[in-house]
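K.L.:
Sharing a structure with you now.
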Ligand SMILES: Cc1cc2nc3c(=O)[nH]c(=O)nc-3n(C[C@H](O)[C@H](O)[C@H](O)COP(=O)(O)OP(=O)(O)OC[C@H]3O[C@@H](n4cnc5c(N)ncnc54)[C@H](O)[C@@H]3O)c2cc1C
Ligand code: FES
Ligand code: FES
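Residue numbers (our numbering), protein chains in the order written: chain A, 590 to 751; chain B, 33 to 316.
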């Protein structure tokens with residue numbers, strides 16, 4: 590048995606037939622070739638698979654594709670606009686927020702959720718907001734700085750996160 | 033990890049969900065936030081024939097005052113509860129506990145109904161609801177029934193929930209003015225599940241502890257009210273000495289969990305420490 594789902598992903602409508610057991614992250618990566626969302630642990634611990642579903646950060650390895658039928662999904666691929674990096678991506682570039690880069694898409698999407706709700710987070714608030722995201726390269730200090738950089742940039746340019 | 037296959041149905045109402053659950057020959061399970069169920073399906077610990085997704089049933093997602101209680105719809109997420117000004121005003125340990133669950137992603141989708149139906153001994157809601165003296169409202173095709181939290185949680189991953197029944201609401205009585213509540217937990221550093229979590233609700237009148245409710249998560253194979261601690265403090269002056277003496281009674285006569293995070297004697301020690309911390313917050 591399969592179910593028909595219709596999902597807006599990064600602003601584009603996709604209609605697909607999926608097996609009910611299909612996990613969102615594999616649907617994105619394998620069926621739609623959106624390989625920006627990574628599978629780190631596959632056990633809902635590391636956050637590398639984080640995407641936004643209706644604006645909220647969600648671990649896509651612990652979400653069925655069928656659950657997001659009718660929803661608005663944003664993956665890391667959906668952040669850059671017209672070839673310009675998103676301020677959060679720019680922050681990771683400016684502040685060396687990545688080493689191997691494996692955790693980065695999830696970190697960036699978790700940061701997007703945070704900054705939507707809290708445009709001016711303290712360092713402690715940023716660290717708490719990243720509790721669901723692990724960086725095996727342990728680059729947390731620079732990840733925090735990257736998000737602070739992004740928060741400042743968004744403020745200066747008076748831009749919305751999404 | 034890939035779950036075994038199942039059918040998927042999204043219910044638009046409680047009635048529809050109850051009908052979808054009532055399929056002869058199909059082992060159908062409720063899916064709410066999925067943050068306990070999907071990991072279990074991936075590990076194939078559970079292989080239902082069908083999932084009935086209740087997460088988007090609008091009539092189940094609310095937090096509102098109803099007489100002398102606050103009624104919480106069962107698909108309210110941990111985040112909804114963490115952000116509830118109504119709960120913060122009347123019984124602060126609920127938003128406090130909600131904000132300590134897992135991480136932002138888990139709080140965005142995990143629900144209170146799913147958590148109590150799952151009844152993980154290390155989960156945060158069970159003990160909090162015991163200390164809050166909450167009631168759990170269940171619905172099945174046969175009708176609706178309301179159980180005290182005490183009668184809902186039966187043991188290790190075990191509740192009074194019957195097949196074909198859905199948790200629809202959690203009712204939390206509004207405590208008398210001047211009552212304070214808190215939830216203090218020693219968490220597993222990666223998952224943030226409770227190694228020891230202590231919920232305390234205390235009313236101090238004229239310097240005396242007139243009402244005390246204390247409950248634990250993580251300590252034993254199920255949540256429990258700790259009447260020894262409660263009785264040691266009720267009617268006593270709210271002093272640091274009395275709080276320490278009451279906390280020292282924590283986790284007596286229960287079978288204490290022991291695992292690679294915390295051996296039995298260490299867990300018992302933590303129960304005393306966290307009871308003291310919690311009581312100090314609300315009565316100190
Ligand atoms: C990384 C991670 C960290 C976590 N950390 C914590 C933590 O620190 N503290 C904590 O308490 N929890 C923690 N959890 C668990 C989390 O809170 C779950 O969301 C919660 O336990 C289950 O809620 P759910 O809505 O996701 O339920 P689901 O996974 O959808 O369902 C769980 C079970 O309950 C049944 N069910 C669901 N809703 C209902 C209902 N309304 N009526 C009847 N049956 C129902 C399902 O059939 C299933 O058996 C964590 C989870 C993860 C993945
Ligand atoms: S891959 Fe989803 S949390 Fe690690
Ligand atoms: S940059 Fe390598 S895991 Fe974070």
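Backbone N, C-alpha and C define an ideal beta-carbon position, used for all residues, glycine too.
Would you identify the three-state DSSP class for residue 665 of chain A, choosing helix, strand or coil?
P.N.:
Along the first chain, read from residue 1 onward, the residue named residue 665 of chain A stands at position 76. Reduced to three states, the DSSP call for residue 665 of chain A is helix.
K.L.:
Please report the residue range of the beta strand (DSSP E) in which residue 41 of chain B lies.
P.N.:
Your numbering for residue 41 of chain B matches position 9 in the second chain. 39-42 is the extent of the beta strand (DSSP E) around residue 41 of chain B.
K.L.:
Using a Cβ-Cβ cut-off of less than 8 Å, give me the residues of the region 123-148 of chain B that come near chain A, in sequence order.
P.N.:
So the list reads 134, 135, 136, 137, 138, 140 and 141, given in the order they occur along the chain.
K.L.:
Measure the C-alpha to C-alpha separation of residue 160 of chain B and residue 142 of chain B and round it to an integer number of angstroms.
P.N.:
Your numbering for residue 160 of chain B matches position 128 in the second chain. Your numbering for residue 142 of chain B matches position 110 in the second chain. Using only the alpha carbons, I get a separation of about 16 Å.
K.L.:
List the residues of chain B whose Cβ lies closer than 8 Å to the Cβ of residue 610 of chain A, in chain order.
P.N.:
As a position in the first chain, residue 610 of chain A is number 21, starting the count at 1. Result: 34, 35, 36, 37, 38 and 73.
K.L.:
Mapping DSSP to helix, strand and coil, what is residue 233 of chain B?
P.N.:
Numbered from its first residue, the second chain carries residue 233 of chain B at position 201. Here residue 233 of chain B sits in strand by DSSP.
K.L.:
Under three-state DSSP, which class holds residue 274 of chain B?
P.N.:
Position 242 of the second chain, counted from the first residue, corresponds to residue 274 of chain B. Helix at residue 274 of chain B.
K.L.:
Pairs of beta-carbons, one from the region 250-257 of chain B and one from the region 174-190 of chain B, closer than 8 Å: are there three or more?
P.N.:
Short answer: they touch.
K.L.:
Check whether chain A comes within 8 Å of residue 83 of chain B, counting only Cβ atoms and requiring the distance to be less than that.
P.N.:
The residue you call residue 83 of chain B lines up with position 51 of the second chain. At least one chain A Cβ lies under 8 Å of residue 83 of chain B.
K.L.:
Which residues of the region 222-236 of chain B have a Cβ closer than 8 Å to any Cβ of chain A? Give them in chain order.
P.N.:
Under the 8 Å Cβ criterion, the region 222-236 of chain B contributes 222, 223 and 224.
K.L.:
Going by C-alpha to C-alpha distance, which of B:100, B:280 and B:179 sits closest to residue 192 of chain B?
P.N.:
By one-based count along the second chain, residue 192 of chain B stands at place 160. That would be B:179, whose Cα lies nearest to the Cα of residue 192 of chain B.
K.L.:
Taking only the alpha-carbon atoms, compute the straight-line gap between residue 275 of chain B and residue 315 of chain B and give it to the nearest angstrom.
P.N.:
Along the second chain, read from residue 1 onward, the residue named residue 275 of chain B stands at position 243. Along the second chain, read from residue 1 onward, the residue named residue 315 of chain B stands at position 283. Residue 275 of chain B and residue 315 of chain B: Cα-Cα distance of roughly 8 Å.
K.L.:
Going by other Cβ atoms of all chains shown within 10 Å of its Cβ, with 16 needed for buried, is residue 90 of chain B buried or exposed?
P.N.:
Taking the second chain and counting its residues from 1, the one referred to as residue 90 of chain B is at position 58. Burial call: exposed.
K.L.:
Select from B:125, B:222, B:304 and B:204 the residue whose C-alpha is nearest the C-alpha of residue 99 of chain B.
P.N.:
In the second chain, the residue the question calls residue 99 of chain B occupies position 67. Out of B:125, B:222, B:304 and B:204, B:204 has the C-alpha closest to the C-alpha of residue 99 of chain B.
K.L.:
For a quick check, are the C-beta atoms of residue 144 of chain B and residue 176 of chain B less than 8 Å apart?
P.N.:
Taking the first residue of the second chain as 1, we reach residue 144 of chain B at position 112. Taking the first residue of the second chain as 1, we reach residue 176 of chain B at position 144. Their beta carbons are not under 8 Å apart, which means residue 144 of chain B does not touch residue 176 of chain B by this criterion.
K.L.:
Report the option in B:67, B:40, B:136 and B:264 whose CA atom is closest to the CA atom of residue 149 of chain B.
P.N.:
As a working mapping, residue 149 of chain B is identified with position 117 in the second chain. Nearest C-alpha to residue 149 of chain B: B:67.
K.L.:
Who's in the neighbourhood of ligand 2, going by beta-carbon under 6 Å from any heavy atom, listed in chain order?
P.N.:
Result (chain order): A:628, A:629, A:630, A:631, A:633, A:634, A:635, A:636, A:637, A:638, A:648 and A:650.
K.L.:
Can you list, in chain order, the residues of its chain with a C-beta nearer than 7 Å to that of residue 36 of chain B? Leave out the 5 residues immediately preceding and following it.
P.N.:
If you number the second chain from 1, residue 36 of chain B lands on position 4. Result list for residue 36 of chain B: 76 and 79, in chain order.
K.L.:
In the DSSP output, what is residue 269 of chain B paired with across the bridge?
P.N.:
What you label residue 269 of chain B is simply residue 237 of the second chain in a count that begins at 1. Paired residue(s): B:240.
K.L.:
Identify the contact partners of residue 709 of chain A in chain E, using a Cβ-Cβ distance below 9 Å as the criterion.
P.N.:
Among the chains of the structure shown, chain E does not appear; the protein chains present are A and B.
K.L.:
Taking residue 300 of chain B as part of the alpha helix (DSSP H), name the residues at either end of that continuous run.
P.N.:
To locate residue 300 of chain B, count along the second chain from 1; it is residue 268. 296-315 is the span of the alpha helix (DSSP H), which, as asked, contains residue 300 of chain B.
K.L.:
Check each residue of the region 648-659 of chain A: if its Cβ is closer than 8 Å to any Cβ of chain B, include it; give the result in chain order.
P.N.:
Result list: 648, 651, 652, 653, 655, 656 and 658.
K.L.:
Tell me, please, whether the CB atom of residue 678 of chain A is closer than 8 Å to any CB atom in chain B?
P.N.:
For this step, residue 678 of chain A is matched to residue 89 along the first chain. Taking Cβ atoms only, chain B never reaches closer than 8 Å to residue 678 of chain A, which makes this a no.
K.L.:
Taking the CB atoms as reference points, tell me whether residue 644 of chain A and residue 705 of chain A lie closer together than 8 Å.
P.N.:
Walking along the first chain from the start, residue 644 of chain A turns up at place 55. Walking along the first chain from the start, residue 705 of chain A turns up at place 116. Going by C-beta atoms, residue 644 of chain A is nearer than 8 Å to residue 705 of chain A.
K.L.:
To the nearest angstrom, how far is the alpha carbon of residue 701 of chain A from that of residue 291 of chain B?
P.N.:
The residue you call residue 701 of chain A lines up with position 112 of the first chain. The residue you call residue 291 of chain B lines up with position 259 of the second chain. One C-alpha to the other measures close to 37 Å.
K.L.:
Kindly give me the distance between the Cβ atoms of residue 594 of chain A and residue 607 of chain A, rounded to whole angstroms, as I take these residues to be in contact under 8 Å.
P.N.:
Here residue 594 of chain A refers to the residue found at position 5 of the first chain. Here residue 607 of chain A refers to the residue found at position 18 of the first chain. The pair is a contact, with the Cβ atoms about 6 Å apart (cut-off 8 Å).
K.L.:
Give the residues from the region 55-74 of chain B that approach chain A closer than 7 Å (Cβ to any Cβ), ordered along the chain.
P.N.:
Per Cβ criterion, the list reads 66, 67, 70 and 71.
K.L.:
Shorter than 8 Å from the beta carbon of residue 720 of chain A to some beta carbon of chain B?
P.N.:
Here residue 720 of chain A refers to the residue found at position 131 of the first chain. Yes, contact with chain B.
K.L.:
Within its chain, find whatever has a CB closer than 7 Å to the CB of residue 308 of chain B; leave out the 5 residues flanking it on each side and keep chain order.
P.N.:
Indexing the second chain from 1 puts residue 308 of chain B at position 276. So the list reads 275, 276 and 279, once near-sequence residues are dropped.
K.L.:
Where residue 732 of chain A and residue 136 of chain B are concerned, what is the direct C-alpha to C-alpha distance, given to the nearest angstrom?
P.N.:
Position 143 of the first chain, counted from the start, is the residue given in the question as residue 732 of chain A. Position 104 of the second chain, counted from the start, is the residue given in the question as residue 136 of chain B. Cα-Cα distance, rounded: 17 Å.
K.L.:
Say the cut is 7 Å; is the CB of residue 38 of chain B nearer than that to a heavy atom of ligand 1?
P.N.:
Here residue 38 of chain B refers to the residue found at position 6 of the second chain. Checking the Cβ of residue 38 of chain B against ligand 1 gives no.
K.L.:
Enumerated in chain order, which unbroken segments of the beta strand (DSSP E) with a length of 3 residues or greater are wholly contained in the region 611-671 of chain A?
P.N.:
Listed in chain order, the complete beta strand (DSSP E) runs (minimum 3 residues) inside the region 611-671 of chain A are 639-642, 645-648 and 661-663.
K.L.:
By Cβ distance below 7 Å, which residues in the same chain neighbour residue 59 of chain B in space, the five residues on each side in sequence not counted?
P.N.:
Locating residue 59 of chain B in the second chain gives position 27, where the first residue counts as 1. Here the set comprises 80 and 81.
K.L.:
Counting only beta-carbon atoms, is residue 735 of chain A nearer than 8 Å to chain B?
P.N.:
For the purposes of this step, residue 735 of chain A is taken as the residue at position 146 of the first chain. Answer no: the Cβ-Cβ gap between residue 735 of chain A and chain B never drops below 8 Å.
K.L.:
Is the beta carbon of residue 617 of chain A less than 8 Å from the beta carbon of residue 652 of chain A?
P.N.:
Here residue 617 of chain A is taken as the residue at index 28 of the first chain, counted from 1. Here residue 652 of chain A is taken as the residue at index 63 of the first chain, counted from 1. Not closer than 8 Å, so no.
K.L.:
Quick one: grab the DSSP three-state call for residue 696 of chain A.
P.N.:
On the first chain, residue 696 of chain A is found 107 positions in, with the first residue counted as 1. Helix at residue 696 of chain A.
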